[in-house]
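Note that UniProt numbering numbers the sequence shown so that position 82 is 83, with each residue one more than the last. For glycine and all other residues, C-beta sits at the position ideal for the given N, C-alpha and C. Note that the structure is predicted; figures quoted are calculated from it, not measured. Everything on this sheet refers to the single structure shown next.
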Amino acid sequence: RTHLTLLGLESSCDETAAAVVRAPLRDGLPEGPGEILSSVVMDQASLHAAYGGVVPEIAARAHAERLDIAVEQALEAAGTPLQALDAVAATAGPGLIGGVLSGVMCAKGIALGAGLPFVGVNHLAGHALTPRLTEGLAYPYLMLLVSGGHCQILAVLGPDRFRRLGGSIDDAPGEAFDKVAKLLGLGYPGGPEVEREAQGGDPGRFDLPRPLMDRPGCDMSFSGLKTALRRARDRLVEAQGGITRQDRADLCAGFQAAAADVLAQKTARALRAFAPEAGPAPAIAVAGGVAANTRLRGALEAAAEAEGWRLVAPPLRLCTDNAAMIAWAGAEKLAREGADALDLPARPRWPL
Ligand code: KG4
Ligand code: ZN
């Protein structure tokens, strides 16, 4: 056998996604880059926008309604009949349990009906293995995962071997961006809105904290930053009865700069800590929606360059939640560990 072809399903947050991926095999093991034959992502943002965040019950219902459609579209776009697949993979956790259950049950149903193996994939492993899918990055490497729900710096040592070097002790950075947007009357998701506002702002006007920056280790905190921003806004409102457009731009710029500084500084520290194990061509990859942020990317580029590392930034559609990463991670798991039983549980929590 020269390839594994998998259908992947993702439904752990607010994206309903299905994809077909071909993983080339070398000595029986997947070796990237893989071939994405199709990748369908149905965004639920408009369903949750009015609430300023993902509502689990609404998400679960939408996944249950849309998974079949996403699968049909993915198979059709790939031109792959079910019989040509080697397995069906789905995110089995961590995530909002209603959504994870929908995806796992859908994948098990397809697998059972078509007589195919089923593979349950850890969503975080999906993100962490994405640079293997996109450019065949060799183990080991570092990964900075920054999304609305996650904030971790991981050493990726193998398909099922991860070491957590640090992460947020409270809010994920995307969550902080979303809350800041809400505080300032901007739309959801907040990250892109805050970034747009920040373009016309002065990041130095407000003295915002960089929590945990001067502490050793790679842990981070974003909730204090968000609180400081709320206080700065409240002071303005008290003094002048509201905030001007320029105030808002300056607040956004200040917040974004502080968040980027914290992430880049802690990442730089992780690079130094992992350098002895990183091999001759050390690489750090990014994933998660917050990796779209230009200021953060710039700060990470600078940190990586200063340490002699390469920054690997997969295309944004593969940094945010998608099913191609689940199909790829499923192939890596299937090749090494074989299929999962059909009674594999869906897990709301599943640390790597
Ligand atoms: O990875 P993702 O699509 O979904 C999960 O959270 O799993 O990430 C979404 C998060 C949201 O919190 C959103 O506000 C944030 O990523 N985000 C950004 C930007 N684009 C999206 N944050 C900062 N700057 C951006 N340009
Ligand atoms: Zn994710």
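Short note on Ala293: C-beta closer than 7 angstroms to some heavy atom of ligand 1.
Between the region 327-340 and the region 3-17 there are three or more inter-stretch CB-CB distances shorter than 8 angstroms, so the stretches are counted as touching.
The Cβ-Cβ distance between Asp179 and Gly191 falls below 8 angstroms. The C-alpha of Ala240 is placed about 37 angstroms away from the C-alpha of Leu301. With respect to the 8 angstroms criterion, Ala173 and Gly188 are not classified as neighbours on the basis of their beta carbons. In the DSSP annotation of this structure, Gly33 is not part of any alpha helix (DSSP H), being labelled neither H nor E. The C-alpha of Arg23 lies about 15 angstroms from the C-alpha of Glu77. Runs of the beta strand (DSSP E) lying entirely within the region 135-170 and spanning at least 3 residues, in chain order: 142-147, 152-159, 162-168. Spatial neighbours of Val89 in its own chain (CB-CB distance under 6 angstroms, excluding positions within 5 residues in sequence) are listed in chain order as Leu8, Ala108, Ile111, Ala112, Leu117, Phe119.
Secondary structure within the region 280-352: the alpha helix (DSSP H) runs of 4 or more consecutive residues, fully enclosed, are 295-308, 317-320, 325-338 (chain order). Judged by DSSP secondary structure, Leu7 falls within the beta strand (DSSP E) whose first and last residues are 4-11. The Cβ-Cβ distance between Arg337 and Pro204 does not fall below 8 angstroms. One Cα belongs to Thr81, the other to Glu16, and the distance between them is close to 23 angstroms.
Within the model, the alpha-carbon separation for Leu312 versus Glu136 is close to 13 angstroms. In this structure, Asp322 has its CB closer than 7 angstroms to one or more heavy atoms of ligand 2. The beta carbon of Pro349 sits closer than 8 angstroms to those of Gly94, Pro95, Gly96, Leu97, Ile98, Val101, all from its chain and outside the five residues before and after it, given in chain order.
For Thr92, DSSP records a beta bridge to Val122. Boundaries of the alpha helix (DSSP H) harbouring Thr228: 224-241, taken from the DSSP string. When C-beta atoms of the region 124-135 are compared with those of the region 314-325, three or more pairs fall below 8 angstroms, so the two segments count as touching.
Pairing Pro217 with Arg318, the inter-Cα distance amounts to about 34 angstroms. With respect to Leu145, Thr295 sits apart: the two C-beta atoms are not nearer than 8 angstroms.
Ligand 2 approaches Cys14 closely enough that one of its heavy atoms is under 7 angstroms from the residue's Cβ.
Exposure of Tyr52 is indicated by the presence of fewer than 16 other C-beta atoms within 10 angstroms of its C-beta.
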